[in-house]
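Notes for the one structure printed next.
In full-length UniProt numbering, the protein residues as written are 1 to 130.
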């Protein structure tokens, strides 16, 4: 099931109360998608942008009976590494070649080798210099 998850990068409204409503709606829909994945015994492809804490909490809370999944375009959030214990893989793509990817380069050795996937998000996040 995917790509599903949370994206707090862009909101429809500038109003903080409206943004909180949007976040709550995203969380509700994310949990519903995880429940579908459980029902159909399918893995999930996770999108998380500017939402690592909520993503971790929801995935950790709902990981029981999930087949597992991939954290698409893993963004070097150290606490998300704990999700490898819940059956998740970490997708690493072109971002690794970016000049500002020092955090990802530094955290890469901490990712269990059997949980590491190479991926692309072309044409959006192609390796440098493309």
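Glycine included, every Cβ here is placed at the ideal spot set by N, Cα and C.
Small disclaimer: the values here were computed from a predicted structure and weren't measured.
Same chain only: Cβ atoms within 8 Å of residue i, ignoring 5 sequence neighbours per side
{"i": "residue 104", "result": "74, 75, 76, 92, 95 and 96"}
{"i": "residue 13", "result": "19 and 22"}
{"i": "residue 107", "result": "76, 78 and 81"}
{"i": "residue 52", "result": "75, 77, 79 and 80"}
{"i": "residue 118", "result": "91, 92 and 93"}
Continuous alpha helix (DSSP H) stretch holding residue i: start and end
{"i": "residue 54", "result": "52 to 62"}
{"i": "residue 78", "result": "No alpha helix (DSSP H) contains residue 78, which DSSP labels as neither H nor E."}
{"i": "residue 30", "result": "16 to 40"}
Among the options, nearest to residue i - alpha-carbon criterion
{"i": "residue 3", "options": "129, 71 and 114", "result": "71"}
{"i": "residue 65", "options": "88, 84 and 38", "result": "38"}
{"i": "residue 49", "options": "102, 123, 11 and 100", "result": "11"}
{"i": "residue 78", "options": "129, 55, 119 and 8", "result": "55"}
{"i": "residue 88", "options": "98, 6 and 68", "result": "68"}
{"i": "residue 100", "options": "118, 127 and 119", "result": "127"}
{"i": "residue 86", "options": "60, 17 and 53", "result": "60"}
{"i": "residue 124", "options": "62, 33, 98 and 36", "result": "98"}
{"i": "residue 36", "options": "1, 90 and 7", "result": "1"}
6 Å Cβ shell around residue i - same chain, five flanking residues per side excluded
{"i": "residue 121", "result": "73 and 93"}
{"i": "residue 62", "result": "34"}
Cut-off 7 Å between Cβ atoms - residues of its own chain near residue i, not counting five sequence neighbours on either side
{"i": "residue 58", "result": "27, 30 and 31"}
{"i": "residue 84", "result": "112 and 115"}
Start and end residues, beta strand (DSSP E) containing residue i
{"i": "residue 107", "result": "Element bounds for residue 107: not the beta strand (DSSP E) but the alpha helix (DSSP H), 102 to 107."}
{"i": "residue 90", "result": "88 to 92"}
{"i": "residue 118", "result": "116 to 118"}
{"i": "residue 48", "result": "44 to 49"}
{"i": "residue 70", "result": "69 to 71"}
{"i": "residue 85", "result": "Premise fails: residue 85 is in no beta strand (DSSP E) and is neither H nor E."}
8 Å Cβ cutoff, residue i in contact with chain D
{"i": "residue 18", "result": "Protein chains in the displayed structure number just one, and chain D is not present."}
*Do the stretch 17 to 26 and the stretch 36 to 44 meet, that is, are 3 or more Cβ pairs less than 8 Å apart?*
Segments in contact, no.
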